[in-house]
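Worksheet: one structure, shown below.
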Amino acid sequence: MENLTIALRSIMKNKNRNLLTMLGIIIGIASVISILAVGDGFTQSITKELGKDNASNKVSLSYVTNSTDLNSIDGFTQGDAALMSDVDGVQSVKLSSYDNTKSVKLSYRGNSSKTYLGPIKKSSDGPKNVKKSILNDKNSYDVIISQSVKKDLFKKSSAIGKPIQIGEDMFIVRGVSDGGDEYSANVLVSKGTYKRIFSANSNKDQAKLTIENGKNKKKVSKAVLKKIKANGEYRREGKYHIDDPTKSMKSFQKVLNSVTYFVALVAGISLLIAGIGVMNVMYITVSERRNEIGIRRAFGATGNNIRNQFLTESIVLCVIGGIIGIILGYLAVLIINAFLPFKAVITIYSILISLLVSSAVGLLFGFIPSNKAAKSSLVGLLKEE
Amino acid sequence: MLKVKNVGKTYANDFKALSDINLEVPDGEFLAVMGPSGSGKSTLINILGLLDNDYTGDYFLKNENYKNKDDATLSGVRGDKIGFVFQNFKLLSSYTVYENIEIPLIYSKSKTITDRKSVIDEVIEQVGLQGKENNLPSELSGGQQQRVAIARAIVNNPNLIIADEPTGALDSKTSLEIMNIFKHLNETFNTTIIMVTHDQEVADFAMRTVHIRDGRLYENEKSVVSD
Ligand SMILES: Nc1ncnc2c1ncn2[C@@H]1O[C@H](COP(=O)(O)OP(=O)(O)OP(=O)(O)O)[C@@H](O)[C@H]1O
Ligand SMILES: [Mg+2]
Chain A
393 MENLTIALRS IMKNKNRNLL TMLGIIIGIA SVISILAVGD GFTQSITKEL GKDNASNKVS
453 LSYVTNSTDL NSIDGFTQGD AALMSDVDGV QSVKLSSYDN TKSVKLSYRG NSSKTYLGPI
513 KKSSDGPKNV KKSILNDKNS YDVIISQSVK KDLFKKSSAI GKPIQIGEDM FIVRGVSDGG
573 DEYSANVLVS KGTYKRIFSA NSNKDQAKLT IENGKNKKKV SKAVLKKIKA NGEYRREGKY
633 HIDDPTKSMK SFQKVLNSVT YFVALVAGIS LLIAGIGVMN VMYITVSERR NEIGIRRAFG
693 ATGNNIRNQF LTESIVLCVI GGIIGIILGY LAVLIINAFL PFKAVITIYS ILISLLVSSA
753 VGLLFGFIPS NKAAKSSLVG LLKEE
Chain B
450 MLKVKNVGKT YANDFKALSD INLEVPDGEF LAVMGPSGSG KSTLINILGL LDNDYTGDYF
510 LKNENYKNKD DATLSGVRGD KIGFVFQNFK LLSSYTVYEN IEIPLIYSKS KTITDRKSVI
570 DEVIEQVGLQ GKENNLPSEL SGGQQQRVAI ARAIVNNPNL IIADEPTGAL DSKTSLEIMN
630 IFKHLNETFN TTIIMVTHDQ EVADFAMRTV HIRDGRLYEN EKSVVSD
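Residue numbers (the numbering used here), protein chains in the order written: chain A, 393 to 777; chain B, 450 to 676.
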């Protein structure tokens, strides 16, 4: 306790120098906190995204065709689904398409274009001046086309309100959206329309199984896989496999780990710089204060008293600097979050780490010079001015 | 009673600064140590004050041999039984008068926080510095700074005061004021004082004077060696 009082008083006696020391620590810790927060935020947003597909009693099976034809019709059939739900432990089977687009041929007065069609996901998709009803009506024959499709079919003339043929059906163009590229859906119809007209004959390349409670997920899915491999209707045209959600997780984890390592490296370097700052200041402090040490020693301070005083001083500096750094880092994260696509989060562990590291830095870099000072010859210390 | 037997001191560069020093200082004595510059006065007084532990021979304080004691023991004796006054005051420049005087109390085991203030107030009064408690050393004259140093030296009620040229940086009038404080301490509290000085007028305040030349001690030497 007395130690802390002496140290605090001594810190107050050298405000300017100590403020400078703390500044180094504050900047070090603040950058560590914000770097870790960005790293953690990134990791969390990714794992959350992955976690969605990772419900505990769900397994999904995929079918990958050997065919190169975009419109090949192989995949899971209703028969396959029935087969799979017969397996012991399977509660239900739902077939779906892996990606929600369909390759279609469009034509308008002799001009034609081959591209992908998909359902409108959110009402925010597509141009703003399109009526909401189009997006929701499952019986509509309305489409929104991309700028690139519009160019192919209509050249420079207007497309709005014009009829175009998609497959066997006629649709009315209600809007033109910006951009569009080769691989995503360039033609959008309402969800209901997509389901009714396009999804029905689109190949089901994914089977989602719900496993009965209490059954071994791994065993059941293996049994299902074995059965479908032996009896699947299109087993000769393609391959079946179990989607391992942890597999994609694992490869992502690799990316995340390297991100984390990088973040840790940057954070470590910042802390090292802060630590060297502390050590430097402690060295200067100790050599500047050799006379003070001599005086204190002459009037009864033991070598240990001196060591403890200087150690306490540097730890107090580092901890106070660390706390201010954490607050500053928190503010920095608030600002950073205004610019990030995901949310940077400060975790308890990053606070603990930085507090721990800052006091360890204080301890380590405070110890070396204070130990040296404590061991110096008393007469030598007193002779110096 | 302080007694050193066959004390010698050789510095790291093999310079023999003291040889075969035998000295007894009874309790309550006021002793002056004189001698030419470089003769070994400071070297001796640092050993007598337990500031220097690196010497040959024996050191007795109240019949206890302090040669080869550990740092904690020696620091304890320095803090509780010995007070130091230096030529250049050696005050902490960023600490107030009050805080400078407080330092020995911080490391003393015998004083609790509550009676610190009354003890400090008392010694401040003894050296006549009332009203200067919150001044910094730089705001005081040399004589006043040396009074602060004396107050710091006596705040723990030491049996022994070690003073290395306490008036060396002061004019003769101020020197006399300081010496009167020493004399008063010696007479009222029976404090043993060992003081190094170049100044015969200052040495005259002491009961006894010893001389050092070339690292050797001469008792009761009347011959005047030109310093
Ligand atoms: N640390 C040291 N290393 C080597 N020699 C030293 C050291 N300190 C002192 N000396 C030498 O020891 C001798 C005695 O020094 P000391 O300081 O005791 O002299 P002094 O009598 O106090 O002199 P002054 O009156 O000038 O203060 C001197 O010759 C000095 O050069
Ligand atoms: Mg000297």
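Glycine residues also receive a C-beta, built at the ideal position from the N, C-alpha and C atoms.
Owing to the predicted nature of the structure, the values given are computational and were not obtained by experimental measurement.
Closer than 8 Å at the beta carbon, the chain A residues around A521(B): For this step, residue 521(B) is matched to residue 72 along the second sequence. Neighbours of A521(B) on chain A, chain order: T694 and N696.
Under 9 Å between C-beta atoms of D520(B) and N639(B): Residue mapping note: residue 520(B) aligns to position 71 of the second sequence, counting from 1. Residue mapping note: residue 639(B) aligns to position 190 of the second sequence, counting from 1. Taking the C-beta atoms as reference points, N639(B) is found no nearer than 9 Å to D520(B).
Within chain B, the residues that D771(A) reaches when beta carbons sit closer than 7 Å: In the first sequence, counting from the first residue as 1, residue 771(A) sits at position 379. The sequence given here places Val at residue 771(A); Asp does not occur at that position. By Cβ distance, chain B contributes N495, L500 and D501.
First through last residue of the beta strand (DSSP E) which encompasses S477(A): Residue numbering aside, residue 477(A) sits at position 85 when the first sequence is read from its first letter. According to the DSSP assignment, S477(A) belongs to no beta strand (DSSP E) but to the alpha helix (DSSP H) extending over Q470 to D478.
Three-state secondary structure assigned by DSSP to Y626(A): For the purposes of this step, residue 626(A) is taken as the residue at position 234 of the first sequence. DSSP places Y626(A) in coil when its eight states are reduced to three.
Supposed contact pair I642(B) and Q595(B) - C-beta distance, whole angstroms, cut 8 Å: Counting from one through the second sequence, the residue named residue 595(B) turns up at place 146. Counting from one through the second sequence, the residue named residue 642(B) turns up at place 193. Rounded to the nearest angstrom, the Cβ distance from Q595(B) to I642(B) is 14 Å, too far for a contact under 8 Å.
Cβ of K686(A) within 9 Å of any chain B Cβ: Position 294 of the first sequence holds residue 686(A). Reading off the sequence shown, one finds Gly at residue 686(A), where the question assumed Lys. Contact of G686(A) with chain B is assigned, a C-beta pair being separated by under 9 Å.
Below-9 Å beta-carbon distance, N779(A) vs any chain B residue: This structure cannot settle anything about residue 779(A), because the visible part of chain A is limited to 393 through 777.
Heavy atom of ligand 1 within 8 Å of E614(B) beta-carbon: Counted from its first residue, the second sequence places residue 614(B) at position 165. At least one heavy atom of ligand 1 sits closer than 8 Å to the Cβ of E614(B).
Where the region 700-718 of chain A meets chain B: residues whose CB sits under 8 Å from a CB there: Using a CB distance below 8 Å, no part of the region 700-718 of chain A faces chain B.
Cα-Cα separation between G484(B) and V604(B), rounded to whole angstroms: Taking the second sequence and counting its residues from 1, the one referred to as residue 484(B) is at position 35. Taking the second sequence and counting its residues from 1, the one referred to as residue 604(B) is at position 155. The alpha-carbon separation between G484(B) and V604(B) amounts to approximately 30 Å.
Within chain B, partners of E394(A) - CB distance below 7 Å: Here residue 394(A) is taken as the residue at index 2 of the first sequence, counted from 1. What E394(A) touches in chain B: I555.
Closer than 8 Å: L499(B) CB and nearest ligand 1 heavy atom: Sequence index remark: in the second sequence, residue 499(B) carries index 50 (1-based). False, no ligand heavy atom lies under 8 Å from that Cβ.
Simplified DSSP state of P555(A), which is helix, strand or coil: The residue labelled residue 555(A) in the question sits at position 163 within the first sequence. Here P555(A) sits in strand by DSSP.
Buried or exposed (CB count within 10 angstroms, at least 16 for buried), F464(B): Translated into the one-based positions of the second sequence, residue 464(B) becomes position 15. Here F464(B) is exposed: its Cβ has fewer than 16 other Cβ atoms, across all protein chains shown, within 10 Å.
Buried or exposed (CB count within 10 angstroms, at least 16 for buried), H660(B): Indexing the second sequence from 1 puts residue 660(B) at position 211. By the neighbour-count rule (16 or more Cβ atoms within 10 Å), H660(B) is buried.
Nonlocal neighbours in the same chain, by C-beta distance under 8 Å from I491(B), ignoring five residues either side: Position 42 of the second sequence, counted from the first residue, corresponds to residue 491(B). Reading off the sequence, residue 491(B) comes out as Ser, not Ile. Residues D613 and V645 of the same chain have their beta carbon placed closer than 8 Å to that of S491(B), with the five preceding and five following residues left out of the count.
Cβ contact check for the region 735-755 of chain A and the region 453-473 of chain B: 3 or more pairs under 8 Å: Not touching, per the Cβ criterion.
Euclidean distance between Cα positions of T522(B) and P607(B): Here the question's residue 522(B) lines up with position 73 in the second sequence. Here the question's residue 607(B) lines up with position 158 in the second sequence. Approximately 16 Å, taken between the alpha carbons.
is_contact[S468(B), chain A] using C-beta, thresh 9 Å: Walking along the second sequence from the start, residue 468(B) turns up at place 19. By the rule that beta-carbons nearer than 9 Å mark a contact, S468(B) does not touch chain A.
Interface flag, K539(B) vs chain A, CB-CB below 9 Å: Within the second sequence, residue 539(B) is the residue found at index 90, counting from 1. Answer yes: the Cβ-Cβ gap between K539(B) and chain A drops below 9 Å somewhere.
Helix, strand or coil at N455(B) [DSSP, three-state]: By one-based count along the second sequence, residue 455(B) stands at place 6. Strand.
Below-9 Å beta-carbon distance, F479(B) vs any chain A residue: In the second sequence, residue 479(B) corresponds to position 30, counting from 1. Answer no: the Cβ-Cβ gap between F479(B) and chain A never drops below 9 Å.
is_contact[N605(B), chain A] using C-beta, thresh 9 Å: For the purposes of this step, residue 605(B) is identified with residue 156 of the second sequence, where counting begins at 1. Among the residues facing chain A, N605(B) is included, as its CB has a counterpart in that chain under 9 Å away.
Check: V655(A) C-beta below 8 Å from any heavy atom of ligand 2: Position 263 of the first sequence, counting from 1, holds the residue named residue 655(A). No - ligand 2 has no heavy atom lying nearer than 8 Å to the Cβ of V655(A).
Proximity to N583(B) [Cα-Cα], best of I555(B), L609(B), E551(B) and N537(B): Position 134 of the second sequence holds residue 583(B). From the listed residues I555(B), L609(B), E551(B) and N537(B), the smallest Cα separation to N583(B) is found for E551(B).
Pick from Q598(A), D570(A), K764(A) and R628(A) that is closest to V451(A), judged by C-alpha positions: The sequence position of residue 451(A) within the first sequence is 59, counting from 1. It is Q598(A) whose Cα lies nearest to the Cα of V451(A).
Contact with chain A by V674(B), beta-carbon distance below 9 Å: Walking along the second sequence from the start, residue 674(B) turns up at place 225. Reliability fails at V674(B), whose pLDDT of 46 lies under 50, so the model's placement of it is uncertain and no value is given.
Whether N395(A) touches T704(A) by CB criterion (9 Å): Here residue 395(A) is taken as the residue at index 3 of the first sequence, counted from 1. Here residue 704(A) is taken as the residue at index 312 of the first sequence, counted from 1. For the pair N395(A) and T704(A), the CB atoms are nearer than the 9 Å cut-off.
Beta-carbon proximity of G559(A) to K497(A), cut-off 9 Å: Here the question's residue 559(A) lines up with position 167 in the first sequence. Here the question's residue 497(A) lines up with position 105 in the first sequence. Closer than 9 Å, so yes.
Exposed unless 16 or more other CB atoms sit within 10 angstroms - verdict on L453(A): As a working note, residue 453(A) is residue 61 in the first sequence. Classification of L453(A): buried, given that the 10 Å Cβ count is 16 or more.
Selection from L493(B), S524(B) and D620(B) that minimises the alpha carbon distance to L666(B): Looking up residue 666(B) in the second sequence gives position 217. It is L493(B).
Unbroken beta strand (DSSP E) run spanning P586(B), endpoints: Counted from its first residue, the second sequence places residue 586(B) at position 137. In the DSSP assignment, P586(B) falls outside any beta strand (DSSP E), carrying neither H nor E.
Touching by the beta-carbon criterion (3+ pairs, under 8 Å), the region 747-766 of chain A and the region 709-716 of chain A: Contact between the region 747-766 of chain A and the region 709-716 of chain A is established, with three or more Cβ pairs separated by less than 8 Å.
Three-state secondary structure assigned by DSSP to S549(A): Looking up residue 549(A) in the first sequence gives position 157. DSSP places S549(A) in coil when its eight states are reduced to three.
Three CB pairs or more closer than 8 Å across the region 682-700 of chain A and the region 539-550 of chain B: Yes, they touch.
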